[in-house]
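Trainee: Have a look at the structure that comes next, please.
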Amino acid sequence: METSKAQSIIEGLLFAAGDSVPLEKIANIIDMDKRKTKKIISDMMDKYDYEHRGISIIQLADGYQMCTRGEYFEYISLLAEPRRAQSMSNAAMEVLSIVAYKQPVTRGEIEDIRGVSCDTIVNKLVERGLIEETGRLDTPGRPMVFGTTEEFLRCFGISDLTELPDYDIIRENGQDKLYSQQVMEGLDNL
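Sequential numbering of the sequence shown, starting at 46, is according to my numbering.
Written as structure tokens, this is what we have:
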């Protein structure tokens with residue numbers, strides 16, 4: 046298959062999907078190996094960026110998604126009905142940070158680090174699609190373990206967890222003042 050045809054098919058797939066599509070699935074659909082498919086998508090990403098197109102392709106974990114360029118947000122927002130911005134409490138940010146850096150993590154481990162119950166916060170983060178149940182521990186009671194989602198990556202503008210700020214740098218720069226001392230000590234023990 047010609048590269049230009051593969052690019053057109055990939056563009057259509059990503060547009061129609063709306064959410065991210067795993068690289069393996071794209072490669073299977075266009076009947077190419079993953080390495081070549083990844084190269085084609087990377088070239089498309091570079092081209093869209095170079096041309097300052099209204100859309101871009103972003104990588105989210107092992108998948109790709111088509112989205113609008115952030116720099117055109119003010120124009121695109123005129124098209125959509127205004128939504129009330131959802132803010133997140135400091136407690137919710139603490140729980141989200143614990144899950145992001147320690148995942149997979151149980152509710153009990155989160156509560157041990159924070160020192161308080163976090164049922165409501167965990168449930169809200171699950172509702173917002175920022176964290177999800179990723180399995181259960183093979184221990185008495187079979188507690189659920191949680192991890193971050195693609196929505197988490199999308200909201201924070203990162204393609205995978207390796208792009209999270211290094212915890213030691215956050216600590217050195219004093220950014221840990223955003224979180225309670227108890228949470229920082231719990232994260233130190235990761």
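Glycine residues also receive a C-beta, built at the ideal position from the N, C-alpha and C atoms.
Enumerate in chain order the residues of its own chain whose CB-to-CB distance from residue 236 is below 6 Å, with the five nearest sequence positions on each side excluded.
Mentor: The chain is shown only over 46 to 235; residue 236 falls outside these bounds and no answer can be derived.
Trainee: Are three or more beta carbon pairs between the stretch 132 to 142 and the stretch 101 to 112 nearer than 8 Å?
Mentor: The stretch 132 to 142 is not in contact with the stretch 101 to 112.
Trainee: Any idea what DSSP makes of residue 57, helix, strand or coil?
Mentor: Three-state result, residue 57: helix.
Trainee: Does residue 191 pass the burial test, meaning 16 or more other C-beta atoms within 10 Å, or should it be called exposed?
Mentor: Buried: at least 16 other Cβ atoms inside 10 Å.
Trainee: To the nearest angstrom, report how far apart residue 145 and residue 206 are at their CA atoms.
Mentor: Cα to Cα, residue 145 sits roughly 8 Å from residue 206.
Trainee: In terms of residue numbering, what span does the beta strand (DSSP E) encompassing residue 176 cover?
Mentor: Per DSSP, residue 176 belongs to the beta strand (DSSP E) from 176 to 181.
Trainee: Would you check if the stretch 167 to 183 and the stretch 77 to 90 touch, i.e. whether three or more CB-CB distances between them fall below 8 Å?
Mentor: Segments in contact, no.
Trainee: Based on the DSSP secondary-structure assignment, which residues constitute the bridge partners of residue 112?
Mentor: Paired residues: 101.
Trainee: Which term fits residue 155, buried or exposed, when burial requires 16 or more other beta carbons within 10 angstroms of its beta carbon?
Mentor: Residue 155 should be labelled buried.
Trainee: Rounded to the nearest angstrom, what separates residue 106 and residue 151 at their Cα positions?
Mentor: Spanning the two alpha carbons is a distance of roughly 22 Å.
Trainee: Does DSSP put residue 82 in a helix, in a strand, or in coil?
Mentor: Note: residue 82 maps to helix in three-state DSSP.
Trainee: Under a Cβ-count criterion, where at least 16 other Cβ atoms within 10 Å of its own Cβ denotes burial, should residue 51 be classed as buried or exposed?
Mentor: Per the 10 Å Cβ criterion, buried.
Trainee: Assuming residue 188 contacts residue 181 under a Cβ cut-off of 8 Å, what Cβ separation, rounded to an integer in Å, is found between them?
Mentor: So it is a contact: roughly 7 Å between Cβ atoms.
Trainee: Since residue 151 sits in a beta bridge, which residues does DSSP pair it with?
Mentor: Beta-bridge pairing links residue 151 to 190.
Trainee: Apart from the five residues just before and just after residue 121, which ones in its own chain have a Cβ nearer than 6 Å to its Cβ?
Mentor: Only 113 meet the Cβ criterion.
Trainee: For residue 144, which three-state DSSP category applies?
Mentor: Residue 144 falls in the helix class under three-state DSSP.
Trainee: Once the 5 residues before and after residue 195 are set aside, which same chain residues still bring their CB inside 7 Å of it?
Mentor: Correct list, in chain order: 65, 105, 106.
Trainee: Can you tell me the Cβ-Cβ gap for residue 179 and residue 149, rounded? I've got them flagged as a contact below 8 Å.
Mentor: About 5 Å separates the two Cβ atoms, so the contact holds.
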